[in-house]
Amino acid sequence: GSAEAFSCLDPDDDGQITREEMFDLKTRFFRSRLSHLTVEEVRGWVSSERCVPIDMSEHLSAFRAHEINGLSLWKFGVKNPSLLRTRLGITSEIKRATLTQAICREIEGHGCLAPNSMKRWYSEEEGKG
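Here the working numbering runs 1204 ahead of the position in the sequence shown, where the first position is 1.
Right under this line is the structure:
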């Protein structure tokens, strides 16, 4: 669960996150497409089963109320993930871990926003209209 969710934080699996590892992770996050999403695009990303494969619909209003955009996901999903519970009300550990895993996939370039997945994600969202 939790260890897998944070696998991208500790690439050498030594149980410690060095400054260098955190700097590299932060750099990759800010280069990711995820970091550039608007509040509404984040809500679409969280709602998409291809992106975050768990039902987060009950939390979408909290994402809007707290104006969670792509950049905010660094603070909420990586730097201080306890905010997912305390600010966004995501009490389920499984949902928090799934969201964090999805953020990690985007950072690593394997998420639904990866260049080879973008067209499908946007066309899927347009269909929800």
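C-beta atoms are modelled at their ideal positions from N, C-alpha and C, and glycine is treated no differently. All values derive from a computational prediction rather than experimental measurement.
Can you grab the Cα-Cα spacing for the pair GLN1305 / GLY1281, in whole Å? 9 Å
Whose C-alpha, out of GLY1313, GLU1312 and LYS1230, is nearest the C-alpha of MET1275? Per the sequence shown, the amino acid found at residue 1275 is Leu instead of Met. Per the Cα distances, LYS1230.
CA-to-CA distance, CYS1255 to GLY1219, given in whole angstroms: GLY1219 and CYS1255: Cα-Cα distance of roughly 27 Å.
Of the residues ARG1309, ARG1247 and ASN1320, which one's Cα is nearest the Cα of LEU1213? ARG1309
How is SER1206 classed by DSSP in three states: helix, strand or coil? For SER1206, the predicted structure reports a pLDDT of 47, less than 50, and the residue's modelled location is therefore unreliable. The matter cannot be settled from this model.
Straight-line Cα distance separating VAL1243 from ASN1320: 23 Å
Sequence-distant residues of its chain with Cβ nearer than 7 Å to PRO1215 (five each side left out): Answer for PRO1215: GLU1225, listed in chain order.
ILE1294 and LEU1288: beta carbons closer than 7 Å? yes
Any idea what DSSP makes of ILE1258, helix, strand or coil? coil
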